[in-house]
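Q: Residue 1 is where the sequence shown starts when you use UniProt numbering, and the numbers rise one by one after that.
Positions of the beta carbon are idealized from the N, C-alpha and C atoms, including for glycine.
Since this is a predicted model, take the numbers as computed values, not measurements.
My questions will all concern the structure given below.
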Amino acid sequence: MAVPVPDMRELIAAEMKTYVSEDKGNFCEELQSPYYEEPIIQFAAANDPLFEEYKRVVGPDHATPQEAFERTLGTGSFDGGTVVSVVLPISETIRKANRAQKARASREWALLRTFGDEYFVRSARQHLAGYLTGLGYRAVAPLDTDWYSIHGAAGGPVSNWSERHIAYAAGLGTFSINDGFITEKGIAIRLLSVVTDLQVPPDARASSNLSHTGNCLLCSKGICGVCITRCPVQAISKEGGHDKIACMKFVYGEESRKWAVLNGGEAESGAGCGLCQTKVPCESRNPMRTAR
Numbered sequence: 001m002a003v004p005v006p007d008m009r010e011l012i013a014a015e016m017k018t019y020v021s022e023d024k025g026n027f028c029e030e031l032q033s034p035y036y037e038e039p040i041i042q043f044a045a046a047n048d049p050l051f052e053e054y055k056r057v058v059g060p061d062h063a064t065p066q067e068a069f070e071r072t073l074g075t076g077s078f079d080g081g082t083v084v085s086v087v088l089p090i091s092e093t094i095r096k097a098n099r100a101q102k103a104r105a106s107r108e109w110a111l112l113r114t115f116g117d118e119y120f121v122r123s124a125r126q127h128l129a130g131y132l133t134g135l136g137y138r139a140v141a142p143l144d145t146d147w148y149s150i151h152g153a154a155g156g157p158v159s160n161w162s163e164r165h166i167a168y169a170a171g172l173g174t175f176s177i178n179d180g181f182i183t184e185k186g187i188a189i190r191l192l193s194v195v196t197d198l199q200v201p202p203d204a205r206a207s208s209n210l211s212h213t214g215n216c217l218l219c220s221k222g223i224c225g226v227c228i229t230r231c232p233v234q235a236i237s238k239e240g241g242h243d244k245i246a247c248m249k250f251v252y253g254e255e256s257r258k259w260a261v262l263n264g265g266e267a268e269s270g271a272g273c274g275l276c277q278t279k280v281p282c283e284s285r286n287p288m289r290t291a292r
């Protein structure tokens with residue numbers, strides 16, 4: 001029997017916090033540190049009109065929650081529900097190591113890319129979907145389906161399910177000049193989401209989220225720009241925003257792959273970079289909270 005709906009928001013949040021805290025996949029023995037700290041969990045209504053707007057903002061192939069559900073479980077299988085979005089803040093140990101870097105990711109960040117971003121985030125998505133299924137609901141983790149894809153576009157890679165845009169719909173934060181996503185726990189985060197036929201009250205988008213860059217000091221107040229100076233390949237500018245192609249070549253290029261392997265990670269994951277997410281005012285907080 002399914003758990004009564006009024007309890008589900010708290011139950012889901014508690015389950016994910018416990019999983020992140022206790023699962024061994026979220027702990028790096030070499031660093032003696034977790035990859036991620038306590039998550040934030042929020043909810044968006046599957047029928048939020050914003051999801052249709054994403055077909056214009058992100059791209060025509062970006063799936064709505066209903067499309068994501070029905071592409072996986074069949075046409076007509078969805079009759080309303082919820083998108084659960086989860087923020088995973090990167091741990092202080094890993095962020096601290098990356099603050100000292102000027103040219104490329106730290107060893108700690110390289111390990112995060114493989115064992116955190118690739119392995120643990122995937123397992124957390126699957127755990128959330130499995131948890132909901134175990135409670136009697138159907139659930140789909142779009143990034144783990146056979147229809148999920150990232151394709152090239154003139155401005156850089158575009159996916160048909162953007163975790164950042166899903167998090168924005170759930171009121172978890174806003175975008176930055178560098179195309180990152182600034183939450184109440186900052187920009188040095190990872191995101192995951194699941195679509196379910198469970199229906200719960202959605203979270204409201206905060207007043208700062210009325211602007212899609214409301215939490216970014218540079219976009220909102222014209223001050224800061226630290227991430228611009230932190231970028232080792234000059235892929236961020238006040239005038240042009242974020243050069244996705246230059247960024248992608250650096251983050252996933254041959255040198256990044258070699259650096260990943262040298263530091264104990266896997267070539268396919270690359271070593272990442274993260275310089276624009278560390279040693280910046282928005283690293284682990286929403287900087288607009290003190291700038292207003």
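Would you report the Cα separation of residue 112 and residue 35, rounded to the nearest angstrom?
A: If you number the sequence shown from 1, residue 112 lands on position 112. If you number the sequence shown from 1, residue 35 lands on position 35. Each residue's Cα considered, the two are about 6 Å apart.
Q: Look up residue 151 in the DSSP assignment and give the residues it is bridged to.
A: Numbered from its first residue, the sequence shown carries residue 151 at position 151. DSSP, once it has assigned bridges, lists 158 as partnering residue 151.
Q: From which residue to which residue does the beta strand (DSSP E) around residue 89 run?
A: Taking the first residue of the sequence shown as 1, we reach residue 89 at position 89. That run of the beta strand (DSSP E) goes 82-89.
Q: Tell me which residues share the same chain as residue 178 and place their Cβ nearer than 6 Å to its Cβ, disregarding the 5 neighbours each side in the sequence.
A: Taking the sequence shown and counting its residues from 1, one reaches residue 178 at position 178. 227, 236, 242 and 276, listed in sequence order.
Q: Between residue 5 and the rest of its own chain, which residues show a CB-CB distance below 8 Å, the 5 nearest in sequence each way excluded?
A: Reading the sequence shown from its first residue, position 5 is the one you call residue 5. Caution is warranted here: a pLDDT of 48 is assigned to residue 5, below 50, making its placement in the model unreliable, and the coordinate value is therefore given only provisionally. Same-chain partners within the cutoff: 198, 199 and 200.
Q: So residue 94 is in the alpha helix (DSSP H); what residue range does that whole segment cover?
A: For the purposes of this step, residue 94 is taken as residue 94 along the sequence shown, with counting starting at 1. Taken as a continuous stretch (DSSP letters only), the alpha helix (DSSP H) holding residue 94 covers 92-99.
Q: At which residue ranges does the stretch 198-238 contain complete alpha helix (DSSP H) runs of 4 or more residues, listed in the order of the chain?
A: Taken in chain order, the unbroken stretches of alpha helix (DSSP H) that lie wholly in the stretch 198-238 and span 4 residues or more are 217-221 and 226-230.
Q: Quick check: the Cα distance between residue 120 and residue 25, rounded to an integer number of angstroms?
A: Start at 1 with the first residue of the sequence shown, and residue 120 comes out as number 120. Start at 1 with the first residue of the sequence shown, and residue 25 comes out as number 25. Straight across, the Cα-Cα distance linking residue 120 with residue 25 is about 6 Å.
Q: Pull up the CB-CB distance for residue 169 and residue 51, whole angstroms please, since I reckon it's below 8 Å.
A: Indexing the sequence shown from 1 puts residue 169 at position 169. Indexing the sequence shown from 1 puts residue 51 at position 51. Correct: roughly 7 Å between the Cβ atoms.
Q: Under the assumption that residue 85 contacts residue 11 (Cβ atoms under 8 Å), give the Cβ distance between them as a whole number of angstroms.
A: Taking the sequence shown and counting its residues from 1, the one referred to as residue 85 is at position 85. Taking the sequence shown and counting its residues from 1, the one referred to as residue 11 is at position 11. Rounded, the Cβ-Cβ distance is 16 Å, inconsistent with contact.
Q: For residue 298, which beta-bridge partners are listed by DSSP?
A: Any question about residue 298 goes unanswered here, given that the chain covers just 1 to 292.
Q: Using the three-state DSSP reduction, which class does residue 278 fall into: helix, strand or coil?
A: For the purposes of this step, residue 278 is taken as the residue at position 278 of the sequence shown. Residue state, collapsed to three classes: coil.
Q: What's the C-alpha gap between residue 247 and residue 233?
A: If you number the sequence shown from 1, residue 247 lands on position 247. If you number the sequence shown from 1, residue 233 lands on position 233. In a straight line, the C-alpha of residue 247 is about 7 Å away from that of residue 233.
Q: Starting from residue 166, follow the alpha helix (DSSP H) in both directions and report where the run begins and ends.
A: In the sequence shown, residue 166 corresponds to position 166, counting from 1. From DSSP, the alpha helix (DSSP H) with residue 166 extends over 163-169.
Q: Taking the C-alpha atoms as reference points, what is the distance between residue 216 and residue 255?
A: Numbered from 1 along the sequence shown, position 216 holds the residue referred to as residue 216. Numbered from 1 along the sequence shown, position 255 holds the residue referred to as residue 255. One C-alpha to the other measures close to 30 Å.
Q: For the putative contact between residue 174 and residue 212, defined by C-beta atoms under 8 Å, what is the C-beta separation to the nearest angstrom?
A: Within the sequence shown, numbered from 1, the residue matching residue 174 stands at position 174. Within the sequence shown, numbered from 1, the residue matching residue 212 stands at position 212. Contact flag correct, Cβ pair sits at about 6 Å.
Q: Is the stretch 57-76 in contact with the stretch 255-270, if contact means three or more CB pairs nearer than 8 Å?
A: no
Q: Check the C-beta distance from residue 93 over to residue 21 and give it rounded, since I have them as a contact under 8 Å.
A: In the sequence shown, counting from the first residue as 1, residue 93 sits at position 93. In the sequence shown, counting from the first residue as 1, residue 21 sits at position 21. Not confirmed; about 15 Å, so no contact.
Q: From 105, 78 and 43, pick the residue whose C-alpha is nearest to that of residue 252; which is it?
A: Mapped onto the sequence shown, residue 252 falls at position 252. Out of 105, 78 and 43, 105 has the C-alpha closest to the C-alpha of residue 252.
Q: Identify the continuous alpha helix (DSSP H) that holds residue 18 and give its terminal residues.
A: Reading the sequence shown from its first residue, position 18 is the one you call residue 18. Residue 18 -> alpha helix (DSSP H) spans 8-22.
Q: Short check: CB of residue 193 to CB of residue 161, under 9 Å?
A: Position 193 of the sequence shown, counted from the start, is the residue given in the question as residue 193. Position 161 of the sequence shown, counted from the start, is the residue given in the question as residue 161. Yes.
Q: Going by beta carbon distance, what residues of the same chain come within less than 8 Å of residue 265, once the five residues before and after it are set aside?
A: Numbered from its first residue, the sequence shown carries residue 265 at position 265. Around residue 265: 110, 111, 113, 114, 115 and 271.
Q: Here's the rule: buried if 16 or more other CB atoms are within 10 angstroms of the residue's CB, otherwise exposed. What is residue 90?
A: Taking the first residue of the sequence shown as 1, we reach residue 90 at position 90. Buried, by the Cβ-count rule.
Q: On a CA-only basis, which of 48, 28, 27 and 16 is nearest residue 38? Give me that one, please.
A: Within the sequence shown, the letter at position 38 stands for residue 38. Minimum Cα distance to residue 38 is reached at 16.
Q: Please go through the same chain and pick out, in chain order, the residues whose beta-carbon is closer than 7 Å to the beta-carbon of residue 290, but skip the five residues on each side of it.
A: The residue you call residue 290 lines up with position 290 of the sequence shown. Cβ within range, chain order: n/a, list empty.
Q: Nearest by alpha-carbon distance to residue 218: which of 195, 180, 189 and 204 is it?
A: Within the sequence shown, numbered from 1, the residue matching residue 218 stands at position 218. The residue with the shortest Cα to Cα distance from residue 218 is 180.
Q: At what residues does the beta strand (DSSP E) containing residue 134 begin and finish?
A: As a working mapping, residue 134 is identified with position 134 in the sequence shown. Per DSSP, residue 134 belongs to no beta strand (DSSP E); it is in the alpha helix (DSSP H), 121-134.
Q: Sorted by chain position, which residues of the same chain lie with C-beta nearer than 7 Å to residue 118's C-beta, five sequence neighbours on each side aside?
A: Here residue 118 is taken as the residue at index 118 of the sequence shown, counted from 1. Counting only Cβ-Cβ distances below 7 Å, and skipping sequence neighbours, we find 269.
Q: Within a Cβ cutoff of 6 Å, which residues of the same chain sit near residue 103, ignoring the five residues on either side of it in sequence?
A: Position 103 of the sequence shown, counted from the first residue, corresponds to residue 103. The beta carbon of residue 103 sits closer than 6 Å to the beta carbons of 232 from its chain, once the five residues preceding and following it are set aside; these are given in chain order.
Q: Here's a check: name, in chain order, each residue in its chain whose Cβ is nearer than 6 Å to the Cβ of residue 61, leaving out the five neighbours to either side.
A: On the sequence shown, residue 61 is found 61 positions in, with the first residue counted as 1. Correct list, in chain order: 160.
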